[in-house]
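2 protein chains.
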Amino acid sequence: MRGFSSKIGALRESPTRKIDELREKLKRENRDVILLSTGQPSVPPPREVREAMKNLLGVDSMELYGYTPSLGTYEAREAISEDLKRLGGVDVPPEQIVLTAGGQAAMFSTLATLLEAGDEVVVTDPTYFGYRPLIEYFGASVKYLRTRLEDGFQPRPEELRSLVGRRTKALVLVSPDNPTGRTLKPEAAKAIVDLARDYDFWIIVDEAYKTLIYEGGHVYLYKLAPERTISINTFSKDPAIPGWRLGYVYGPPEVMPKIKLMNEEMVYCPPSFAQKMVTLYLRSEARMRYVREVVEIYRQRRDVAVSALRKYLPEARFVVPSGSMFVFVDLSSYVLDGESFAKQLLERYGVAVVPGSYFSEVYKAAVRISFVSETPERIEEGIRRMGEAAGAL
Amino acid sequence: MRGFSSKIGALRESPTRKIDELREKLKRENRDVILLSTGQPSVPPPREVREAMKNLLGVDSMELYGYTPSLGTYEAREAISEDLKRLGGVDVPPEQIVLTAGGQAAMFSTLATLLEAGDEVVVTDPTYFGYRPLIEYFGASVKYLRTRLEDGFQPRPEELRSLVGRRTKALVLVSPDNPTGRTLKPEAAKAIVDLARDYDFWIIVDEAYKTLIYEGGHVYLYKLAPERTISINTFSKDPAIPGWRLGYVYGPPEVMPKIKLMNEEMVYCPPSFAQKMVTLYLRSEARMRYVREVVEIYRQRRDVAVSALRKYLPEARFVVPSGSMFVFVDLSSYVLDGESFAKQLLERYGVAVVPGSYFSEVYKAAVRISFVSETPERIEEGIRRMGEAAGAL
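Top to bottom, those sequences are chains A and B.
Numbering-wise (the numbering used here), the first sequence opens with residue 1 and increments by one.
Numbering-wise (the numbering used here), the second sequence opens with residue 1 and increments by one.
The structure is reproduced here in structure tokens:
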């Protein structure tokens, strides 16, 4: 009998994809939209790396086109291993690294490997909207660990303790955070690790923004708890190849062959062209220079966004992001509902932002603003229009 | 409590990956191995298309690097729609096409969308070894439809009828076939469609080799039963970019949004660089010329393989393949067990083939020979050594 799996009911369309559709519609109507909604970077990969790829495309062999091992080429995994050492003094051998078709496949395959019906998974609130549907798809249930603007969105250890128990399979968090831009403080990281050991659960940390740090540093949880930390990574943000779909997972040795196998079933092998480019990039002289340049560009834009928020929305509450691509702005002094505000802002004022309700059960009057995709002038103008829209409501 | 999902027990490593490992080991020992095991094509994509991609890599914008819609760009889907019309007169609008991260992701997402615990899925025996683990991972059980060398591996309708019933959710088949090279006869296709209508099940057809046809033609099942046929496709074989991971699914309008959503959760979007290349390729003058040239190269190699089999293994039984990349050779006059034969052939004679037991519960004394990856001289030499090895046993 034809029909569908009842399990796919847990899946829903990515909310930013809905915004993309509305944006496309406005574009077709020739309306200019200021994009403060997307986490898509704006600086293409270093020119010298792209030149090297051009040369490879000229070679008449199957070398560049063929399958790679399911876990990625040894060279790519070795380059990543060296990079982790250089970036954060993290010791991960190539054997514990599995390349994936992007960060999404990294998270999907990790959750598929770990979760089953009846498990509980703790996620922060606010957090990236992509995780809850996946956790529920794999039959587990979500428990929310509230983080608060007044705490700089650092999790409170005693609240985490009150949430965990016998059925807790994992804690999933993003660090640096999407949507809040929070980088984890060392004492919060230590508290998480201590609890994970006491209750014996996995720590799954999405480190997509680990090189986009504006103040302070990034805490690599794997260094604190290598026996239970699984790190999710992507090359979508650095070196800015989101469409090429390449990411990686690293973690304890007993987990990685299972995650590899899941990826083999899902996509057979990670995209080879992107693997080649990333290997060249990570081993090039451009690697650290590119990150420094990009961080300076984004920092300047972040500062423009922060000043504009203070100027045009003086009652807005937010934490100045120390990492990532986003400011999470609580507009409860102006609006009741971030979702209808975002809709009107886009339709009447031509500015796209993402409503807080996509990330939080609590911050429903908030919006997430990206400061990486537009020029400083357009960021300022977008936030000026936000002020206008908030005043009009 | 840390631990793993019990469901991943259904997954097993691809058997050809095990052969790859042994092959790599022999390579490190500097032993030359004749590769008759792999379905990897040997003619890189047309030069003019690669030149166009080189130019795009020089452009300083995010255009080539950014995310695409989850179901692929409109241009790519439009180019595929035109291609299906040109190749087989198949009418599929771009809206019913979803691009995926390769044929594997196409099949994974399709089975995830359709199957649940208790379902039964009919697959042919022999068939591609990748399907059973996936079907079982999604909780369904497999029923085997025997196909026989003496029938040219055409399925017998009365045997299919005896297998289907109330719990039959789908028939999964490969056409042109891997491992047998069989192209489906129109009367067999008609019988399958009639039964699928009588018992109301899905037809899932893997058409990876649809343009590699040496005699006769390819039957597009979608044309016969558009309301229930889901077609799985890949660009791994034509235009030979297996490592780049791009494939697509088309099927009835009510199925495609669900398959799209599943792919969004698995990989977010299909690889953009490959999408761009395939769009250029399918719309280039090179498109049909490239297929004709590749088919001629492969046909010549197939003929070499067939002659060599008749010369060096006169008691071997096989059907001359009318499509695909493979000959499936029954060696029961020579050996009892194809698996131990293949192992000895690789270790002692330096020739890699895939044992029949990976594809069949019946043809365990068979091996699958690929005729696309090696030169005609090396194909002949590989089969000569097979004869030597079979004689020595």
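Glycine included, C-beta positions come from ideal geometry on N, C-alpha and C.
Quick caveat: nothing in here was measured; it's all calculated off a predicted structure.
Asked, Found
"Which value, in whole angstroms, describes the spacing of the CA atoms of Pro252/A and Ser324/A?", "26 angstroms"
"Could you check whether the region 248–262 of chain B touches the region 55–68 of chain B, counting it as contact only if at least three pairs of C-beta atoms, one from each stretch, sit closer than 8 angstroms?", "no"
"Determine, using beta carbons only, whether Asp238/B comes closer than 8 angstroms to chain A.", "no"
"Where does Ser61/A sit, in a helix, a strand or coil, going by DSSP?", "coil"
"In chain B, which residues lie less than 7 angstroms from Ser70/A when you measure between Cβ atoms?", "Arg17"
"Given a limit of 7 angstroms on CB to CB distance, which residues of the region 247–259 of chain A reach chain D?", "No chain D appears in this structure, whose protein chains are A and B."
"Who are the Cβ neighbours of Thr110/A in its own chain at under 7 angstroms, not counting the five residues just before and after it?", "Ile204, Ile230, Ile232, Val249, Ile259"
"Assess, as a yes-or-no matter, whether the region 347–367 of chain A is touched by the region 322–339 of chain A under the definition of 3 or more beta carbon pairs within less than 8 angstroms.", "yes"
"Are there three or more Cβ pairs, one per stretch, closer than 8 angstroms when the region 339–354 of chain B is compared with the region 263–281 of chain B?", "no"
"For Gly323/A, write down the residues that DSSP places opposite it in a beta bridge.", "Ile213/A"
"For Arg368/A, which three-state DSSP category applies?", "strand"
"Can you tell me whether Tyr144/B is helix, strand or coil according to DSSP?", "strand"
"Taking only three categories from DSSP, how would you classify Asn233/B?", "strand"
"Since Glu13/B meets chain A, which of its residues come closer than 8 angstroms, beta carbon to beta carbon?", "Leu261, Glu264"
"Check Leu331/B in the structure and name its three-state DSSP category.", "coil"
"Counting contacts by CB-CB distance shorter than 8 angstroms, is Glu78/B in contact with chain A?", "no"
"In terms of DSSP beta bridges, what is Tyr222/A paired with?", "Answer is none; Tyr222/A lacks a bridge partner."
"For the alpha helix (DSSP H) containing Asp83/B, list its first residue and its last residue.", "74–88"
"For a contact defined as C-beta to C-beta under 9 angstroms, what are the partners of Arg132/B on chain A?", "The contacting residues do not exist; Arg132/B stays about 12 angstroms from chain A at best."
"Considering only their Cβ atoms, is the gap separating Ala390/B from Ser37/B smaller than 8 angstroms?", "no"
"Is the Cβ of Tyr268/B closer than 8 angstroms to any Cβ of chain A?", "yes"
"Which value, in whole angstroms, describes the spacing of the CA atoms of Arg77/A and Met262/B?", "28 angstroms"
"By how many angstroms is the C-alpha of Ile192/B removed from the C-alpha of Leu160/B?", "8 angstroms"
"8 angstroms is my cut-off, CB to CB: does Leu393/B come that close to chain A?", "no"
"Starting from the Cα of Trp202/A, find the closest Cα among Glu215/A, Arg228/A, Lys18/A and give me that residue.", "Arg228/A"
"Report the rounded CA-to-CA distance for Thr234/A versus Ala225/B, giving the unit in angstroms.", "41 angstroms"
"Just checking: is the beta-carbon of Met157/A within a distance shorter than 8 angstroms of some beta-carbon in chain B?", "Per the sequence shown, residue 157/A should be read as Pro rather than Met. By this cut-off, Pro157/A is not an interface position."
"From what residue to what residue does the alpha helix (DSSP H) around Lys25/B run?", "15–28"
"Out of curiosity, what's the CA-to-CA distance linking Thr375/A and Gly3/B?", "47 angstroms"
"Please compile the residues from chain B whose C-beta is within a distance smaller than 9 angstroms of the C-beta of Lys25/A.", "Within 9 angstroms Cβ-Cβ: nothing; Lys25/A doesn't reach chain B, min ~13 angstroms."
"Which residues, taken in chain order from the region 105–130 of chain A, show a beta carbon closer than 7 angstroms to some beta carbon of chain B?", "Ala105, Phe108, Ala112, Thr113, Leu114, Leu115, Glu116"
"When burial is assigned at 16 or more other CB atoms within 10 Å of the CB, is Ala112/B buried or exposed?", "buried"
"Can you name the residues of chain B whose CB is closer than 7 angstroms to the CB of Ser61/A?", "Pro44"
"Could you check whether the Cβ of Arg2/A sits closer than 8 angstroms to any Cβ belonging to chain B?", "yes"
"Would you mind listing the alpha helix (DSSP H) stretches within the region 233–287 of chain B that are 4+ residues and don't spill past its ends, in chain order?", "256–267, 272–282"
"Compare the C-alpha of Gly217/A against each of Ala392/A, Glu264/A, Gly181/A and name the closest.", "Gly181/A"
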